[in-house]
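**Q** Final position of the sequence shown in this note's numbering is 112; the numbers increase by one with none missing.
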Amino acid sequence: MIASALSAGVLALGLSTQAVAAADTAAQTLAKQSGCLKCHAVDKKKDGPAYKEVAAKYKGKANAVEKLTHHITSGEKVKFEDGHEEDHKIVKSKDPAAIKNLVEWILSRQ
3 MIASALSAGV LALGLSTQAV AAADTAAQTL AKQSGCLKCH AVDKKKDGPA
53 YKEVAAKYKG KANAVEKLTH HITSGEKVKF EDGHEEDHKI VKSKDPAAIK
103 NLVEWILSRQ
C-alpha cells in the first residue's frame with residue numbers, strides 16, 4: 003500500500019515536471035516567434051532589459067502579470083539608451099493562455 007502511494011507520488015511529480023518543461027518550451031517558442039529575443043535575453047542586457055531585470059522590477063507587485071501583459075500586447079513606445087523611441091513589438095498570439103504563460107515565464111527568470 004505504501005509502495006503504491008509512493009509510486010503514485012513519484013509519477014505525479016514526474017508528470018508535473020514534464021508539464022512545467024512543456025510550458026517553459028511553449029513560452030520560449032512564443033518569445034522567439036514574436037521576435038522578443040532580438041532585444042531581450044534571459045540574463046544579459048541587449049537593446050532591451052534582461053528578463054532577470056524585468057522579473058526583479060516586478061517582483062512582489064500584485065499587478066505584475068497585468069502590467070507586463072499590457073506591455074507586450076499594446077505596442078506602447080519604449081525608449082532606448084541612445085534616446086530614440088520605437089513602438090514595442092506586440093507578441094504574436096491572440097491566445098490569452100499562451101500570453102499569460104509567456105508573462106509568467108518572464109517573471110520567473112530570477
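The C-beta atom is built at its ideal place from N, Cα and C for all residues, glycine as well. A quick note: this is a predicted structure, and the numbers were derived from the prediction, not measured.
Is the CB-CB distance between residue 44 and residue 74 below 7 Å?
**A** Not closer than 7 Å, so no.
**Q** Within its chain, find whatever has a CB closer than 7 Å to the CB of residue 66; leave out the 5 residues flanking it on each side and keep chain order.
**A** Excluding sequence neighbours, residue 66 sits near 60, 109.
**Q** Among 103, 39, 56, whose alpha-carbon lies nearest the alpha-carbon of residue 24?
**A** That would be 103, whose Cα lies nearest to the Cα of residue 24.
**Q** Which residues in the same chain as residue 41 place their Cβ atom closer than 7 Å to its Cβ, once the five residues preceding and following it in sequence are excluded?
**A** So the qualifying residues of the chain are 48, 49, 50.
**Q** What's the C-alpha gap between residue 46 and residue 91?
**A** So the two alpha carbons sit approximately 19 Å from each other.
**Q** Compute the distance between the beta-carbons of residue 57 and residue 112, then report whether it is under 7 Å.
**A** Yes, Cβ-Cβ distance for residue 57 and residue 112 is below 7 Å.
**Q** Helix, strand or coil for residue 34 per DSSP?
**A** Correct three-state label for residue 34: helix.
**Q** Can you tell me which of the three DSSP states residue 1 falls into?
**A** Residue 1 is absent from the model: the chain starts at 3 and stops at 112.
**Q** Checking the sheet assignment: what are the DSSP bridge partners for residue 80?
**A** Its beta-bridge partners are 88.
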